[in-house]
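Novice: One structure follows; several queries about it will come next.
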């Protein structure tokens, strides 16, 4: 099995080889620009990994893997417009560097270019793989829409939240793994199980992200602690706390959320205190573990040599850093 | 052969049958909304027509025809954001009725839904038809980008202009006809010729549109006379006039274009006067006729019964209303 880091390098090199027409420049330059900003290339690397796990030739999976990466960056380009984000991985976003119209239209072409890359599969797989790609793409758009709606809603329940992160984050991981598995020659059953593994793992990963925002070591995870708290983001932790807080504590929590002239340090400390007294960290970690367990249950059922399953298990363990 | 008007009714009914999930509402309602606003359904009707011309069953062409219509409306939804248009066919545009983010994301899903509909073709045609759809979609995006760039450029030449309208308007007509022909069982050669017929006809049609803006009967064509002149739109007529005007006339034309406090009637009358003295109408009609002739040359070569060619000829004649 090729190391994950080597798969990421293969993808990075393949991304560098992608070339687009020179004219019209404002349509194609933003594509090369956003792809050059980088990122961990995790989704396409997973696609290659799945292909290899089932004995496939990863060279046959590179174009579809690039399709997943181009698609992912299309969603970033459009999400950045919607979120009014000035920066993406430390670089100026496309709509800031060019303008919103350029980011809309360039993103549109990226989605089409994603289809073109995804079509570079053998004929007998074409329809099935495009069906998966369609479902994945629709899911991501639904997830983004639901996430935007959450911002303006006062109450969101846990089930709705899990559904949102499943759509916005997890289905792409599942879809990438399933497509790679099919190219590698997996049976329909195994491809579906690997899809399920990816989706459940993706949910666990997002829950971990929510936890680390509050309880992570800032040096280790490279993010500002409490960023989600400062922006009132409806994470698993906040939704759970709003569900559990009663009486004085509920009043206090809502006061923090509606305060307009509170300094960030006080707000982060105050809300973290409430989380602590409601045992939110433990409950979030339990939820995360539940989804990780579901992922491992799906993995267990896959018809693959133990060593290959161990490879996936190790990958998942690396993704889900446990601190307790 | 089914009458064009009947094909349009078939499409309208099929559009009414399209249904999308209820949740999330802000993602899917705008799709139903923009599709319900109507339009002539010309592109999908052409796809059905091409299928029938080659003896195909139009029922097999309805989903791909809907794909073309959904795709076309996706481009309208995004174009309206880019153009800051408040109205589309007299109705509030999606980004005005909801907001820009909704229009971006809902448009993205429409493009994916277009692919889903286009995939409802038989396996042996799937790759070829999706290749055509990809090329068409990329062409339209390129055309839109080039059109936006023209707004900020001082000089555009005729060749660039023809290329822009070919991409933005004509390739979809060609693509729709080609896809319909292939579903109907046309040979590759005939499908390519019909594509060429559609592209050339589309260019002629757009040139006619440019001419009618200035010389059309407002009662007959339902548009404000001189709308393009008022907005300094770089049409075939203006580009040609800028190319031909010399000395005093060039100074006068540029004065009209840069005037900021001129009433519209004076501006339209003044620029029309310049067009008249430069014989712009005649030259534009000659260019339009050249592209119409190219369309008819392609049509002539198609291996179809004369009666079927006559049907296409009549369709083209109906599209290109001649006034002189």
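Residue numbers (the working numbering), protein chains in the order written: chain X, 1 to 324; chain P, 325 to 648.
Built from N, CA and C at the ideal position, the CB exists for glycine as well.
1) Could you tell me which chain P residues have their CB closer than 8 angstroms to the CB of residue 27 of chain X, listed as they occur along the chain?
2) Just verifying my parser: in three-state terms, what is the DSSP assignment at residue 87 of chain X?
3) Along the chain, where does the alpha helix (DSSP H) containing residue 524 of chain P start, and where does it finish?
4) If you count every other CB in all the chains shown that lies within 10 Å of the CB of residue 447 of chain P, and 16 or more means buried, which is it?
5) Could you pull the DSSP bridge partners for residue 416 of chain P from this structure?
6) If you measure beta-carbon to beta-carbon, which residues of the segment 108–133 of chain X are closer than 9 angstroms to chain P?
7) Would residue 357 of chain P and residue 418 of chain P be called neighbours here (beta carbons separated by less than 8 angstroms)?
8) Using the beta-carbon of each residue, which ones in chain X are nearer than 7 angstroms to residue 472 of chain P?
9) Can you find a C-beta in chain P that's less than 8 angstroms from the C-beta of residue 138 of chain X?
10) Are the Cβ atoms of residue 70 of chain X and residue 139 of chain X separated by less than 8 angstroms?
11) Going by DSSP in three states, residue 1 of chain X sits in which element: helix, strand or coil?
12) When you compare only the Cα positions, how much space is there between residue 507 of chain P and residue 5 of chain X?
13) Looking at chain X, is there any beta carbon in it that lies within less than 8 angstroms of the beta carbon of residue 405 of chain P?
14) If you reduce the DSSP assignment to three classes, tell me which class residue 296 of chain X lands in.
15) Can you give me the Cβ contacts of residue 526 of chain P inside the same chain, cut-off strictly under 6 angstroms, excluding the 5 residues immediately before and after it?
16) Taking contact to mean 3 or more Cβ pairs, one atom from each stretch, closer than 8 angstroms, check whether the segment 270–289 of chain X and the segment 237–245 of chain X are in contact.
17) Do three or more CB pairs link the segment 48–61 of chain X to the segment 184–197 of chain X at distances below 8 angstroms?
18) Is it buried or exposed, residue 502 of chain P, if we count other Cβ atoms within 10 angstroms and call 16 or more buried?
19) Just to make sure I have the definition right: I need the residues of chain P whose C-beta is within less than 8 angstroms of the C-beta of residue 24 of chain X. Which are they?
20) Cα separation between residue 99 of chain X and residue 81 of chain X?
21) Less than 7 angstroms between C-beta atoms, sequence neighbours within five positions excluded: which residues of the same chain meet that for residue 361 of chain P?
22) Output the boundary residues of the alpha helix (DSSP H) element that contains residue 367 of chain P.
23) Counting C-beta neighbours from all protein chains within 10 Å, is the total for residue 558 of chain P 16 or more, i.e. buried, or is it exposed?
24) So with CB distances below 8 angstroms, who are the chain P contacts of residue 78 of chain X?
25) Does DSSP put residue 489 of chain P in a helix, in a strand, or in coil?
26) Where does residue 363 of chain P fall in DSSP's three states?
27) If you drop the 5 nearest sequence neighbours on each side, which residues of the same chain put their C-beta closer than 6 angstroms to that of residue 129 of chain X?
28) Taking residue 583 of chain P as the reference, give the member of P:556, P:604, P:601 with the closest Cα.
29) So for residue 336 of chain P, helix, strand or coil by DSSP?
30) Buried or exposed: which applies to residue 152 of chain X, given that a residue is buried once 16 or more other Cβ atoms fall within 10 Å of its Cβ?
31) Spatial neighbours of residue 635 of chain P within its chain, please: CB distance less than 6 angstroms, with the 5 preceding and 5 following residues excluded, ordered by chain position.
32) What separation, rounded to the nearest whole angstrom, lies between the Cα atoms of residue 347 of chain P and residue 610 of chain P?
33) Do residue 431 of chain P and residue 457 of chain P count as a contact pair if the criterion is CB distance below 8 angstroms?
34) Below 8 angstroms CB to CB, which residues in the same chain sit around residue 313 of chain X once its five sequence neighbours on both sides are set aside?
35) Are the CB atoms of residue 441 of chain P and residue 388 of chain P within a distance shorter than 8 angstroms?
36) Using the three-state DSSP reduction, which class does residue 548 of chain P fall into: helix, strand or coil?
Specialist: With the structure as the only source:
1) On the first chain, residue 27 of chain X is found 27 positions in, with the first residue counted as 1. Within 8 angstroms of the CB of residue 27 of chain X, the CB atoms of chain P belong to 465, 466, 469, in sequence order along the chain.
2) The residue given as residue 87 of chain X occupies position 87 in the first chain. Looking at residue 87 of chain X - three-state DSSP - the assignment turns out to be strand.
3) In the second chain, residue 524 of chain P corresponds to position 200, counting from 1. It spans 512–539 - the alpha helix (DSSP H) in which residue 524 of chain P sits, taken as one unbroken run.
4) Taking the second chain and counting its residues from 1, the one referred to as residue 447 of chain P is at position 123. Per the 10 Å Cβ criterion, exposed.
5) Position 92 of the second chain holds residue 416 of chain P. Under the DSSP definition of a beta bridge, residue 416 of chain P partners with P:411.
6) Closer than 9 angstroms at the C-beta level to chain P, one finds these residues of the segment 108–133 of chain X: 108, 109, 111, 112, 113, 115, 116, 119, 123, 126, 127, 130, 131, 133.
7) Residue mapping note: residue 357 of chain P aligns to position 33 of the second chain, counting from 1. Residue mapping note: residue 418 of chain P aligns to position 94 of the second chain, counting from 1. Judged by their CB atoms, residue 357 of chain P and residue 418 of chain P are nearer to each other than the 8 angstroms cut-off.
8) The sequence position of residue 472 of chain P within the second chain is 148, counting from 1. Simply 101.
9) Start at 1 with the first residue of the first chain, and residue 138 of chain X comes out as number 138. Taking Cβ atoms only, chain P reaches closer than 8 angstroms to residue 138 of chain X, which makes this a yes.
10) Along the first chain, one-based indexing puts residue 70 of chain X at 70. Along the first chain, one-based indexing puts residue 139 of chain X at 139. It is not a contact, given that the beta carbons lie outside the stated cut-off.
11) The residue you call residue 1 of chain X lines up with position 1 of the first chain. Here residue 1 of chain X sits in coil by DSSP.
12) As a first step, residue 507 of chain P is located in the second chain; it is residue number 183 there, counting from the start. As a first step, residue 5 of chain X is located in the first chain; it is residue number 5 there, counting from the start. Rounded to the nearest whole angstrom, the C-alpha separation of residue 507 of chain P and residue 5 of chain X is 46 angstroms.
13) Here residue 405 of chain P corresponds to residue number 81 of the second chain, with the count starting at 1. True, the Cβ-Cβ gap to chain X drops below 8 angstroms.
14) Taking the first residue of the first chain as 1, we reach residue 296 of chain X at position 296. In the structure shown, residue 296 of chain X sits in a helix (DSSP, three-state: H, G or I).
15) Along the second chain, one-based indexing puts residue 526 of chain P at 202. Spatial neighbours of residue 526 of chain P in its own chain (CB-CB distance under 6 angstroms, excluding positions within 5 residues in sequence) are listed in chain order as 493, 494, 497.
16) Segments in contact, yes.
17) With the cut-off at 8 angstroms, the segment 48–61 of chain X and the segment 184–197 of chain X touch.
18) The residue labelled residue 502 of chain P in the question sits at position 178 within the second chain. Its Cβ being crowded by 16 or more others within 10 Å, residue 502 of chain P is buried.
19) For the purposes of this step, residue 24 of chain X is taken as residue 24 along the first chain, with counting starting at 1. Listed along chain P are 466, 469, 470, 473, each with a C-beta nearer than 8 angstroms to that of residue 24 of chain X.
20) If you number the first chain from 1, residue 99 of chain X lands on position 99. If you number the first chain from 1, residue 81 of chain X lands on position 81. Roughly 9 angstroms separates the two Cα atoms.
21) As a first step, residue 361 of chain P is located in the second chain; it is residue number 37 there, counting from the start. Residues 412, 413, 415 of the same chain have their beta carbon placed closer than 7 angstroms to that of residue 361 of chain P, with the five preceding and five following residues left out of the count.
22) Residue numbering aside, residue 367 of chain P sits at position 43 when the second chain is read from its first letter. Segment 366–377, the alpha helix (DSSP H) holding residue 367 of chain P.
23) Along the second chain, read from residue 1 onward, the residue named residue 558 of chain P stands at position 234. So residue 558 of chain P ends up on the buried side.
24) As a position in the first chain, residue 78 of chain X is number 78, starting the count at 1. Under the 8 angstroms cutoff, chain P gives 428, 429, 432.
25) Your numbering for residue 489 of chain P matches position 165 in the second chain. Residue 489 of chain P: helix per DSSP, three-state reduction.
26) Stepping through the second chain from its first residue, residue 363 of chain P is reached at position 39. If DSSP states are grouped into helix, strand and coil, residue 363 of chain P belongs with coil.
27) Residue numbering aside, residue 129 of chain X sits at position 129 when the first chain is read from its first letter. 121, 179, listed in sequence order.
28) Walking along the second chain from the start, residue 583 of chain P turns up at place 259. Comparing Cα positions, the closest option is P:556.
29) As a first step, residue 336 of chain P must be located in the second chain, where it is residue number 12. Assignment of residue 336 of chain P by DSSP, reduced to helix, strand and coil, places it in the helix class.
30) If you number the first chain from 1, residue 152 of chain X lands on position 152. Residue 152 of chain X comes out exposed.
31) Indexing the second chain from 1 puts residue 635 of chain P at position 311. These residues qualify, in order along the chain: 325.
32) Position 23 of the second chain, counting from 1, holds the residue named residue 347 of chain P. Position 286 of the second chain, counting from 1, holds the residue named residue 610 of chain P. The alpha-carbon atoms of residue 347 of chain P and residue 610 of chain P are separated by roughly 52 angstroms.
33) Counted from its first residue, the second chain places residue 457 of chain P at position 133. Counted from its first residue, the second chain places residue 431 of chain P at position 107. No. Outside cutoff.
34) Within the first chain, the letter at position 313 stands for residue 313 of chain X. Counting only Cβ-Cβ distances below 8 angstroms, and skipping sequence neighbours, we find 296, 299.
35) Residue mapping note: residue 388 of chain P aligns to position 64 of the second chain, counting from 1. Residue mapping note: residue 441 of chain P aligns to position 117 of the second chain, counting from 1. Yes; because the gap between Cβ atoms is below 8 angstroms, this pair is in contact.
36) The count along the second chain starts at 1 and reaches residue 548 of chain P at position 224. Coil at residue 548 of chain P, not helix or strand.
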